[in-house]
Amino acid sequence: MNLLVENIKYRDIAIIEIALNIPKELKLKPAELLLTRRAKHKNKSITYSQQISLDDSVIINLNDLKHLKGNSVSVEEIIDVAIKAEEQLYELSLADFNVTKIKYMTEKVWGTHWIKPYSTNKKTVAIYTKTDFAAKVIECSLEKSDLILTVEMNATILPQDCYATINGKKYAIESRLNLNTIVFRIPLQNSVHLYKTISKEDVSMQYIMNDTVVSAHLHVGNPAQLNNELYTIQLNSSEPYAAMWIERKKNDAVKVAVLGSCVTRDNFNSKFNPDYKKSYECVSLQNQSSIISLMAPALAFPQDKIDNLNDWDTWNVKTDFQKQFLKDLKKQQPDYLIIDLFGDIFFGCLRVADSFLTNNYWKLAKTSYFKELKNHDAITLQNKQDEYMELWKKAVNDLFAFLQAELPNCKVVLHKARFTDSYYDNEGQVKTIASSVNVQTLNQYWDLLDGYIQENYQIDAIDLTKEKYISYEGHPWGVFHVHFEMNYYQQFLKQLHCIVVKHYLEAEHVFATIYQELEQA
């Protein structure tokens, strides 16, 4: 049903007044004014309602439209206007009223959009809003695995805070050539799915002005095809986003990063798995660090006082100070992050100033830095379990939030390693490892920490504990509680192969169905 519009005018810079022909039976009845921002692209519709009394006119205040802003708005938005009275919805019919003669208001809505009344296809009242922002790709090129886009912007007021977006992931301006020409560098490895040789990506822009996030179409001036040894790119205009087709020319090795210890790292060492490089490339390593330390603020590296260590151990300590691993992950965009929790179980952490270090008494404790360190507080699962768990859970939650935000295509694999107290000697006899380590207690802690991650996050796991692997005297690094017989490392890769293949099959619907049927067989 409709209510007839008799007139529309601006009462002042922020008020739209719509005069209505209200039937007698509805006059002064309680009603709701409904303002609905239409669903557009990937944004759902948003409705704001306001209690009114039906009189000869209804008032739309621009300040009320802030409720329709949501997380972002498009360059153009349409807001439908309706009234609900006595459980009946009424649209506002324009009939013979010519709304096109009404000019835009001088006041902007959301601080970004001009606004005026609008006639829908059904000749009912809506509100039309727009900005004059336009963006066009004027040049594009490939530099190895990076796409370089040069974008020309036009607007009455040019925004300073702009982003290129690919499937929702934002990339900040790399450089500004002049006031209205900006350059973006987009790492394609962030966008191309590991399991898809060809993919289509939506490319657009976002800018922020007056605390409003505006999503804008990115026009491609001249459709482009780019080629190098890694990719073929086709970029052309489309609606509502520019379309980018990416073809990866070769399937590189699966990129893995390791956050853990030798029990994981050694699987990507030719001493243990001679042919691992045919399938995998280890692009980043954080060795023996507590996750509490990793997620804490970086500390200045006291190079002169990190002494009495070989180069490898110095590197380990340095990375624990500088917390560079997260930046490396963001840059490398590995396909998989493999985590084992040895550093948290075995070492714990040190509270230092306003940050944390791993309490690595194998390495850090040998240095002048440690010997001169005052007022440090060692926190471990053994001596302060409740405090440690509180710190650790927060750090784990921060880590997974970082991964979700910065590495959306990276999958996490939890390596559920455990300590052993036995080894084979050179004659093949099983012996007990001479050590003060309480294997049973440490493995209980490991169960606790692994359990938290598995219960709270969608991950895959590698678990070889059922096979009861033990250490052996001929291990390249010697006998230790997580230095296993060589078959351990081969079985690790087999389980990782299964995870990779599973994800490959799940990436395509038909394969996913086949895989599910095989799993159920």
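In numbering that gives the first Met the number 0, the protein residues as written are 0 to 520. Ideal placement from N, C-alpha and C gives every residue a C-beta, glycine not left out. All values derive from a computational prediction rather than experimental measurement.
- The beta strand (DSSP E) runs lying completely inside the segment 257 to 321 and spanning 3 residues or more are 279 to 286, given in chain order.
- According to the DSSP assignment, Met388 belongs to the alpha helix (DSSP H) that extends over Gln384 to Glu405.
- Each residue's CA atom was taken as its position, placing His414 and Asn268 some 16 Å apart.
- Secondary structure note for Asn455: it is in no beta strand (DSSP E), and the uninterrupted alpha helix (DSSP H) holding it is Val438 to Asn455.
- For Tyr170, the pairing in a beta bridge is given by DSSP as Ala163.
- Between the segment 228 to 236 and the segment 261 to 276, the count of C-beta pairs closer than 8 Å stays below three; the two stretches do not touch.
- Ranked by Cα distance from Val108, the options Ile12, Leu93, Ile165 and Val80 are led by Ile12.
- Under the DSSP assignment, Val213 falls outside any alpha helix (DSSP H), being part of the beta strand (DSSP E) whose first and last residues are Thr211 to Ala215.
- The shortest CA-to-CA distance from Val98 to any of Leu176, Ile7, Lys68 and Asp459 is the one to Ile7.
- For Asn486, the enclosing alpha helix (DSSP H) stretches over residues Asn486 to Glu505.
- Bridge partners of Tyr423 according to DSSP: Val429 and Tyr471.
- The C-beta distance from Cys161 to Ile147 rounds to 15 Å, too long to fall under 8 Å, and the pair is not in contact.
- Contact check for Leu61 against Glu16 fails: the beta carbons are separated by 8 Å or more.
- By the 16-neighbour rule on beta-carbons within 10 angstroms, Gln188 is buried.
- The straight-line gap separating the alpha-carbon atoms of Phe96 and Leu34 is approximately 21 Å.
- Nearest C-alpha to Ile197 among Asp210, Gly220 and Leu229: Leu229.
- Restricting attention to Glu389, Leu64 and Ser354, the CA atom closest to the CA of Asp376 is found in Ser354.
- Restricting attention to Trp476, Asn455, His480 and Lys493, the CA atom closest to the CA of Asp462 is found in Lys493.
- Taken atom to atom, the span from the alpha-carbon of Lys143 to that of Asp210 is near 36 Å.
- Distances from the CA of Lys326 to each of Phe401, Ser56 and Thr440 were compared; the closest alpha carbon is that of Phe401.
- Boundaries of the beta strand (DSSP E) harbouring Leu32: Pro29 to Arg36, taken from the DSSP string.
- DSSP places Glu16 inside the beta strand (DSSP E), whose first and last residues are Ile14 to Asn20.
- Closest by C-alpha distance to Lys39, out of Leu67, Val316 and Pro29, is Leu67.
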